[in-house]
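Here the structure is laid out as structure tokens; the discussion comes afterwards.
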Amino acid sequence: MKKFFIIFFIFIFIFLSLFFGILFTNYGNSLIASYIEKKVNTEQDKVKFKVDKLSFTFKTLDFNASIDDSSYINVNGKFELFSKEVDLKYDIKINELENLKNLFNYEFKGSFFTNGTFVGDKNSSNVSGVSNFASGETKYNLNLVDFEINNILLDSKNLKIDELLLLLNQPIYSKGILNVDAKISNFNSEKLNGELKATIEEGILNNEVINKEFEHGLPSNVSYGTIINSTFIDNKAISNINFKSSLLDFNLDKFEFDLLNKDYFSEFNLFVKNLEKLETFIGKKLKGELQTQGILKSVDSHVNVEGNSNIMEGKTHYKFVIKDNSLKQLEFNILDAKIENFFKLVDEPVYAVGNFEASGKINNFKELNGNSFINLKNIKLINEVINAVYNKNINETIVLDSKIDTKYENSSAISKIITSSNIANLDINNLIFDFKTSDILGNYTFTSNDLSKLKDFTKILLRGDAKLDGNIKVVKNKLYIDGKSNLANGNFDFVLNDNIFDANLKESSMKKFLYLINQKENFDSKANLKLNYNLLTKKGDLIGDFEDGHFLENDFTKLVNQFAKVDLTKEIYKNSKLNTKIDDKLLTSNLLMQSTKSKIEVNNSKIDLENNTIFAKIDTEIKDDKFTIILQNDLYNPTISFDLKEILDKKADKLGEKLNKFLGKEKEDEEGKEIINNLKNLF
1124 MKKFFIIFFI FIFIFLSLFF GILFTNYGNS LIASYIEKKV NTEQDKVKFK
1174 VDKLSFTFKT LDFNASIDDS SYINVNGKFE LFSKEVDLKY DIKINELENL
1224 KNLFNYEFKG SFFTNGTFVG DKNSSNVSGV SNFASGETKY NLNLVDFEIN
1274 NILLDSKNLK IDELLLLLNQ PIYSKGILNV DAKISNFNSE KLNGELKATI
1324 EEGILNNEVI NKEFEHGLPS NVSYGTIINS TFIDNKAISN INFKSSLLDF
1374 NLDKFEFDLL NKDYFSEFNL FVKNLEKLET FIGKKLKGEL QTQGILKSVD
1424 SHVNVEGNSN IMEGKTHYKF VIKDNSLKQL EFNILDAKIE NFFKLVDEPV
1474 YAVGNFEASG KINNFKELNG NSFINLKNIK LINEVINAVY NKNINETIVL
1524 DSKIDTKYEN SSAISKIITS SNIANLDINN LIFDFKTSDI LGNYTFTSND
1574 LSKLKDFTKI LLRGDAKLDG NIKVVKNKLY IDGKSNLANG NFDFVLNDNI
1624 FDANLKESSM KKFLYLINQK ENFDSKANLK LNYNLLTKKG DLIGDFEDGH
1674 FLENDFTKLV NQFAKVDLTK EIYKNSKLNT KIDDKLLTSN LLMQSTKSKI
1724 EVNNSKIDLE NNTIFAKIDT EIKDDKFTII LQNDLYNPTI SFDLKEILDK
1774 KADKLGEKLN KFLGKEKEDE EGKEIINNLK NLF
């Protein structure tokens, strides 16, 4: 057994002697050179790596290789393998880095040049050199312990950012000049210390590349500059970062970054002079400026931001949490803001002025859980703006308060809205907005204690009060609203289906209805009205059926009774018909009323809601008498004229006798007849 071990160790010794003897000979060097060429050239089509010279001994290394006519790698000098001492010079130039993709296991692009020295031993060595990295001027000094980097000195000036991005095979997002000055010690330990200063000058974002890569719409290139001053203490980097651009200014003060667990903490200040320039990033055109400051920190991969802002010139406080590049939680509180500043912010006309407050908390944006509250106080509508934008004619001064309480759950917002104003009140319960489909569903209650204040919206002067209950929904961008109410002692209901408005008033009192529409209460019946109207074309039809109608005593019935000896208040009009054509603000109507002793017919009467005027010829038959009544001018207080020639002709003698009696004359006296003749001339 002992003899076996002796032979075995002799064999190992001989093998190692032969191995190292061959390895460090010309033949051995040629084998190594051939291996290196084969390794580098594997799967390479565009370049053939060739070792021009390899001389590797126990004390020296002389290595020269070429990649193409102008690319090379040269390393030569002292290289003591067993004592681990080096004193080497290197000179490296590569024109097309992409040709060495398989060697670097990364597709670098562009060219690279460096030369320098590698001097020292296992205990301490230095790599010192210069480079034209990214067409700049770089000086570096690396101190190594056990041939691992310990200290770093780096001085890089005038690096071109576009060439740096090209080198890393990235799209050319930007151009500019990068300068870096770094002094780092204890690089591979938990006591990393040092300083780093970096600046970017003449920076310009390439809008064409950014728009293509990120599907943005930057209208022009953005100029920027950055100053970074960092101090490294025990594997923590404490930095002051100042970023200024034509879009915004952003500062991080004492940005503390833990290099081991990647946590960070900092105070920040953000200033946007013109929010309009951020439209492509936020997807909404905003106007004005924004200034916000607060605290930024990251713990366990959760980014927490808390700050204050001057948004809408109020006092805004917010908190939000980001994880995996997604917003996870949001809290906000807005006080003392102005609603007019909100309209300015979202680039809308200033429809109103007043006070705005809001608060909310959303815990999960993926499932959308949380709540928000908006309080609008003393909001005054600006009629001039609303009228100009929406082609309206609102004259009433409208002041309102509104509270919007919203709960978020299951990708929906469920809101309760309470709005009170000097003209009407509106309560909406369980208004559900689906964020996935944008559909809306809810129910409402509308009340008005004085309908006359709604004249600007109803287009006719109303009186009394009203209460409406109904539903509202929006499905696939189509609006649907219905409602029910008790009006004029009848049942009122309506449906608005997109642009078509249908309304019905059933079993109502005509007297009450006339009061409602601010007309003289000179007729009563059981009334049924049906309206069909197209909001888009502003055209429609109004059909009315009036059962068991009769006139109420008024100047007209008194006059008819005087001349025709018929009391119209006792006449019953079993079934009367009204048919009205609506063309925007012009109403053209036909009316037919008939009783046992009378017939009343109106053809093509005109009501102009734009000017509040009326013109109607009322053809009247009472027994054998026919006459025409003309209503015209003011819709609410029209002038009345009569065509009574036929009656006066037939009954001139009897009327003259009555007038003589009234005047205290003899019945044969001519004075009464003369008055009748004068009346005839008036008509």
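The sequence shown begins at 1124 in the working numbering and counts up one residue at a time.
Ideal Cβ placement from N, Cα and C applies to all residues, glycine included.
Predicted model, so just to flag it, every value in this text is computed and none were measured.
Residue i by DSSP, collapsed to three states: which one?
| i | result |
| --- | --- |
| residue 1736 | strand |
| residue 1102 | Residue 1102 lies beyond the range of the chain shown here (1124 to 1806); nothing can be said about it. |
| residue 1505 | coil |
| residue 1245 | coil |
| residue 1510 | helix |
| residue 1195 | strand |
| residue 1162 | helix |
| residue 1462 | helix |
| residue 1685 | helix |
| residue 1635 | helix |
| residue 1125 | Annotation note: pLDDT 41 at residue 1125 (below 50); position unreliable, coordinate value reported separately. Helix at residue 1125. |
| residue 1785 | Since pLDDT at residue 1785 reaches only 47, below the 50 mark, its modelled position is unreliable, and no value is offered. |
| residue 1234 | coil |
| residue 1184 | strand |
| residue 1153 | helix |
| residue 1546 | coil |
| residue 1284 | helix |
| residue 1256 | helix |
Suppose you measure from the CA of residue i to the CA of residue j; what does that come to, to the nearest Å?
| i | j | result |
| --- | --- | --- |
| residue 1205 | residue 1182 | 9 Å |
| residue 1249 | residue 1410 | 56 Å |
| residue 1385 | residue 1515 | 59 Å |
| residue 1585 | residue 1642 | 9 Å |
| residue 1662 | residue 1674 | 31 Å |
| residue 1727 | residue 1604 | 32 Å |
| residue 1649 | residue 1699 | 10 Å |
| residue 1433 | residue 1395 | 11 Å |
| residue 1485 | residue 1441 | 12 Å |
| residue 1219 | residue 1164 | 15 Å |
| residue 1190 | residue 1174 | 9 Å |
| residue 1200 | residue 1280 | 30 Å |
| residue 1503 | residue 1414 | 28 Å |
| residue 1535 | residue 1555 | 7 Å |
| residue 1718 | residue 1690 | 12 Å |
With 16 other CB atoms within 10 Å as the buried threshold, where does residue i fall?
| i | result |
| --- | --- |
| residue 1581 | exposed |
| residue 1463 | buried |
| residue 1513 | exposed |
| residue 1193 | exposed |
| residue 1490 | exposed |
| residue 1065 | Examination of residue 1065 is not possible in this model, given that the chain is present from 1124 through 1806 alone. |
| residue 1313 | exposed |
| residue 1733 | exposed |
| residue 1558 | exposed |
| residue 1511 | exposed |
| residue 1329 | buried |
| residue 1158 | exposed |
| residue 1422 | exposed |
| residue 1623 | exposed |
| residue 1404 | exposed |
| residue 1875 | What the structure shows of the chain is the stretch from 1124 to 1806, and residue 1875 is not part of that stretch, so it cannot be assessed. |
| residue 1664 | exposed |
| residue 1812 | With the chain running from 1124 to 1806 in the structure shown, residue 1812 is simply not present. |
| residue 1286 | buried |
| residue 1647 | buried |
| residue 1337 | exposed |
| residue 1222 | buried |
| residue 1333 | buried |
Sufficient close CB pairs (3 or more, under 8 Å) joining the segment 1341-1356 to the segment 1385-1398: no
Whole alpha helix (DSSP H) elements within the segment 1555-1602, 4-residue minimum: 1578-1581
Entirely enclosed alpha helix (DSSP H) segments - the segment 1400-1445, minimum 4 residues: 1402-1405
Touching by the beta-carbon criterion (3+ pairs, under 8 Å), the segment 1605-1617 and the segment 1754-1763: no
Inside the segment 1321-1392 only - alpha helix (DSSP H) runs reaching at least 4 residues: 1330-1337
contact_flag[the segment 1446-1455, the segment 1465-1474] where n(CB pairs < 8 Å) is 3 or more: no
Sufficient close CB pairs (3 or more, under 8 Å) joining the segment 1538-1556 to the segment 1479-1494: no
Stretch-stretch touch, CB-based, cutoff 8 Å, three pairs: the segment 1591-1603 with the segment 1630-1646: no
The segment 1272-1285 in contact with the segment 1242-1259 per 3-pair CB rule at 8 Å: yes
Cβ pair count under 8 Å reaching 3, the segment 1714-1730 against the segment 1740-1747: yes
Residue ranges of each alpha helix (DSSP H) within the segment 1651-1717, 4 or longer: 1678-1687
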